[in-house]
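Shown next, in structure tokens, is the structure this report addresses.
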Amino acid sequence: MIRRREFLMGSATALASGAAWGKRPGKAKLSRVGIMSVCFDPVLKTPSGAPDPKRTVEIMDFADMIAARYGVHRVEYQHTDFSSTEPAYFKEFLRRVKKAKSQVNQVNLEFANLNISAADPVIRLENIALTKSWIDHAVELECPRVMLNQGALPAEVRPSAIAMLQTMSAYAKTKNVSLTVEPRWREDAKNVPWDVLVDVIKAGGIYINPDSGNFPDLESRAAALPVMYRMTAGSSHVKDIPGKFHAADGIRISKEAGYTGIYTIEARANNGPDPYTAVQSILDIVLANI
Amino acid sequence: MQLREFLMSSAAVAAAADQSKLDRIAVMSVCFAPLLKGTARPGNPKATVDLMDLAGMVAERYGIHRVDFQQADFPSQETGYLQEFRSKLKQANSQMNQINLDFANLNISAPDPVIRLEAIELTKRWIDYAAALDCPRVMVAHGGLAPEVRPSAIAALKTMSAYGKAKNVSVALDPGTAPWEAVVEVIKAAGVGANPDCGNFPDKASRAAALPVLYGMTAGSSRVEHVPAKFDTAEAIKIANQAGYKGVFSIETSSRNIPDPHVPVRALLDIVLANI
Numbered sequence: 187m188i189r190r191r192e193f194l195m196g197s198a199t200a201l202a203s204g205a206a207w208g209k210r211p212g213k214a215k216l217s218r219v220g221i222m223s224v225c226f227d228p229v230l231k232t233p234s235g236a237p238d239p240k241r242t243v244e245i246m247d248f249a250d251m252i253a254a255r256y257g258v259h260r261v262e263y264q265h266t267d268f269s270s271t272e273p274a275y276f277k278e279f280l281r282r283v284k285k286a287k288s289q290v291n292q293v294n295l296e297f298a299n300l301n302i303s304a305a306d307p308v309i310r311l312e313n314i315a316l317t318k319s320w321i322d323h324a325v326e327l328e329c330p331r332v333m334l335n336q337g338a339l340p341a342e343v344r345p346s347a348i349a350m351l352q353t354m355s356a357y358a359k360t361k362n363v364s365l366t367v368e369p370r371w372r373e374d375a376k377n378v379p380w381d382v383l384v385d386v387i388k389a390g391g392i393y394i395n396p397d398s399g400n401f402p403d404l405e406s407r408a409a410a411l412p413v414m415y416r417m418t419a420g421s422s423h424v425k426d427i428p429g430k431f432h433a434a435d436g437i438r439i440s441k442e443a444g445y446t447g448i449y450t451i452e453a454r455a456n457n458g459p460d461p462y463t464a465v466q467s468i469l470d471i472v473l474a475n476i
Numbered sequence: 039m040q041l042r043e044f045l046m047s048s049a050a051v052a053a054a055a056d057q058s059k060l061d062r063i064a065v066m067s068v069c070f071a072p073l074l075k076g077t078a079r080p081g082n083p084k085a086t087v088d089l090m091d092l093a094g095m096v097a098e099r100y101g102i103h104r105v106d107f108q109q110a111d112f113p114s115q116e117t118g119y120l121q122e123f124r125s126k127l128k129q130a131n132s133q134m135n136q137i138n139l140d141f142a143n144l145n146i147s148a149p150d151p152v153i154r155l156e157a158i159e160l161t162k163r164w165i166d167y168a169a170a171l172d173c174p175r176v177m178v179a180h181g182g183l184a185p186e187v188r189p190s191a192i193a194a195l196k197t198m199s200a201y202g203k204a205k206n207v208s209v210a211l212d213p214g215t216a217p218w219e220a221v222v223e224v225i226k227a228a229g230v231g232a233n234p235d236c237g238n239f240p241d242k243a244s245r246a247a248a249l250p251v252l253y254g255m256t257a258g259s260s261r262v263e264h265v266p267a268k269f270d271t272a273e274a275i276k277i278a279n280q281a282g283y284k285g286v287f288s289i290e291t292s293s294r295n296i297p298d299p300h301v302p303v304r305a306l307l308d309i310v311l312a313n314i
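In order, the protein sequence lines correspond to chains A and B.
Under this note's numbering, think of the first position of the first sequence as 187, with each following residue one higher.
Under this note's numbering, think of the first position of the second sequence as 39, with each following residue one higher.
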């Protein structure tokens with residue numbers, strides 16, 4: 187549970203940013219904002235995080251902390267955040283999320299060595315089976331979206347990757363869960379061009395989770411985002427990487443595309459050493475621009 | 039009774055006796071790997087048997103109505119495919135004896151809790167598939183069971199076993215490459231069954247010590263192999279008999295560099311029939 191001191195500090199921060207309870211002009215705006223658990227990786231207690239005294243926030247208290255501190259009631263988790271997949275665990279997890287009057291916005295899957303770009307059909311089937319399990323868990327958490335990692339999608343695996351997406355999507359539809367993938371870009375990685383990703387997503391019958399941070403340059407970002415913001419399942423990621431691009435520009439593009447969905451904040455180390463402040467800085471940009 | 043009737047009756051009794059023995063025998067799909075069509079073995083010209091027809095082929099050729107499969111054999115896990123598979127098994131009056139799970143990089147010995155959870159998740163999924171296929175057992179890969187990961191491996195197995203029990207599917211473990219005493223310790227602590235395999239021991243002394251223990255804690259099935267240079271299969275079956283084992287002996291032969299996979303299967307079947 188969030189402690190009183192932390193709550194007051196959080197409220198003070200919100201006040202300073204003009205988003206205090208009672209006079210939050212942006213309650214409607216806040217309802218379109220989500221926050222990812224990865225923003226708080228240095229302070230969250232998760233099974234994937236190495237033991238560290240700085241990790242003081244239980245994952246089950248995350249929704250409560252976010253609601254109390256920022257007035258944001260949508261939270262997004264990585265599948266690696268969950269310490270159990272038993273029904274009783276998810277039941278308690280959901281109870282805690284609801285207690286904070288919040289909703290799990292999306293669960294992001296990052297399986298070790300398993301993704302739809304696998305050349306080995308056995309690995310692909312393992313990926314399908316595991317994804318189906320997490321679609322079931324999303325239902326247990328009343329979560330409407332699951333995001334997959336598509337891998338590098340080299341040309342030779344694209345047909346099998348599309349077939350997999352179709353299988354996963356068919357299953358997800360029976361559970362009222364939407365499947366998404368996001369554009370990915372890292373300087374040191376093999377990245378699929380955004381237009382190819384769009385083709386795979388269309389053929390696979392799934393959705394895009396636009397992420398304004400995941401492009402190599404301003405030109406590709408400007409070209410891709412209008413297309414992607416028209417293919418969402420109702421949610422997107424928003425980053426701010428000063429020196430590379432402005433989060434406000436990404437939001438402007440989304441509005442021009444007619445996007446009315448959720449902006450989920452993804453703050454990283456380059457947004458500053460204190461995750462609470464980093465998230466607040468992006469929240470301020472989002473609230474000022476949506 | 040006339041001589042002709044007597045002879046016919048004797049033949050029927052003999053056949054019945056053989057059938058009761060055959061009912062305790064299974065064959066593993068890996069024995070026929072070069073003959074099987076399927077996504078796990080693409081492009082092999084000898085691969086002419088559809089996985090769904092394997093049980094029919096084994097029943098017709100050997101009179102054996104139990105088949106063990108690997109999870110990697112299945113080209114699909116969709117409900118329609120599994121239903122069709124089950125119907126083909128029933129057509130052959132056969133049963134899937136066990137599904138052996140060997141996931142890429144995922145097992146109960148993983149030090150990373152996220153990887154262990156993924157192993158649990160996939161195992162649960164396969165327990166569901168086993169239930170859909172009327173298969174009573176799944177066998178999981180233990181991944182080595184090093185002392186430092188044994189407590190978490192036991193916890194993972196307990197979770198799998200609890201789920202399996204709710205679906206009437208047993209979870210089994212074979213010695214593999216781990217010390218057999220460690221495997222016994224884990225099996226007892228987790229409340230799962232052993233899948234004894236006479237081929238999986240480094241020497242005769244450990245085999246002779248382990249098999250009586252393991253045959254006393256099975257989930258109803260075991261494996262027999264035939265490696266004359268290493269051990270005597272008949273001796274291993276004798277140990278099983280002495281331990282009071284009444285379960286299934288599942289034949290495992292190597293099909294590597296063998297022109298006709300049926301030859302080693304027939305040879306091992308003869309040994310099993312002569313000794314159980």
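The beta carbon of each residue, even a glycine, is placed where N, CA and C say it ideally should be.
Residue-level contact by beta carbon holds for Glu159(B) and chain A, with a gap shorter than 8 Å.
Only residues of its own chain outside the window of five on either side were considered, and among them Ala272 and Ile275 have a CB closer than 6 Å to the CB of Asn313(B), listed in chain order. Scanning Gly235(A), Gly337(A), Val283(A) and Val258(A) for the CA closest to the CA of Lys213(A) turns up Val258(A).
By the criterion of a C-beta distance shorter than 6 Å, Leu295(A) is surrounded in its chain by His265, Trp320 and Leu334, once the five residues flanking it on both sides are discounted.
Annotation for Tyr253(B): the continuous alpha helix (DSSP H) segment containing it runs Lys242 to Tyr253. Contact annotation for Leu155(B) against chain A: Pro233, His265, Thr266, Phe268, Ser269, Ser270 and Thr271 [CB-CB distance below 9 Å, chain order].
The three-state reading of DSSP puts Ser421(A) in strand, counting E and B together. In this structure, DSSP gives Gly447(A) a state outside helix and strand, which the three-state scheme calls coil. Contact annotation for Asn299(A) against chain B: Ala142 and Asn143 [CB-CB distance below 8 Å, chain order].
Between Arg255(A) and Ile448(A), the gap from beta carbon to beta carbon reaches 8 Å or more. In this structure, the CA atom of Ala193(B) is about 24 Å from the CA atom of Asp238(A). With respect to the C-alpha of Glu122(B), the residue from Val221(B), Asp88(B), Ala228(B) and Gly202(B) having the closest C-alpha is Asp88(B).
For Ile394(A), DSSP records a beta bridge to Val367(A) and Thr418(A). Here the C-alpha atom of Met95(B) lies approximately 19 Å from the C-alpha atom of Leu120(B). Rounded to the nearest whole angstrom, the C-alpha separation of Ala324(A) and Ser293(B) is 43 Å. Taking 8 Å as the CB threshold, Lys318(A) lines the interface with chain B. With its beta carbon less than 8 Å from one in chain B, Glu312(A) belongs to the interface.
Taking a beta-carbon distance threshold of 8 Å, Val290(A) does not count as an interface residue toward chain B. Leu404(A) is the residue among Glu368(A), Leu404(A) and Asn291(A) whose C-alpha sits nearest the C-alpha of Ala433(A).
Put simply, the CB of Val308(A) is near chain B, with a gap under 8 Å to one of its CB atoms. Around Ala315(A), the beta-carbon contacts reaching into chain B at under 7 Å are Gln115, Leu160 and Arg163.
Judged by beta-carbon spacing, Leu92(B) lies beyond the 8 Å limit of Lys84(B), meaning their Cβ atoms are not closer than that value. Between the C-alpha atoms of Arg104(B) and Gly258(B) there is a straight-line separation of about 13 Å. Looking at the DSSP output, Arg260(A) bridges to Gln289(A).
From the beta-carbon of Val152(B), the residues of chain A found nearer than 7 Å are Pro233, Ser234 and Thr266. Taking CB atoms only, Ala110(B) has a neighbour in chain A less than 8 Å away. Of the other Cβ atoms in all chains shown, 16 or more fall within 10 Å of the Cβ of Ile158(B); this residue is therefore buried.
Asn294(A) has Gln264(A) and Met333(A) as its beta-bridge partners, per DSSP. Neighbours of Thr291(B) in chain A, taken as residues at a C-beta separation under 9 Å, are lacking, since the least C-beta distance is about 22 Å. Per DSSP, Met246(A) lies in no beta strand (DSSP E) and is assigned neither H nor E. At a cut-off of 8 Å between C-beta atoms, Thr197(B) counts as an interface residue with respect to chain A.
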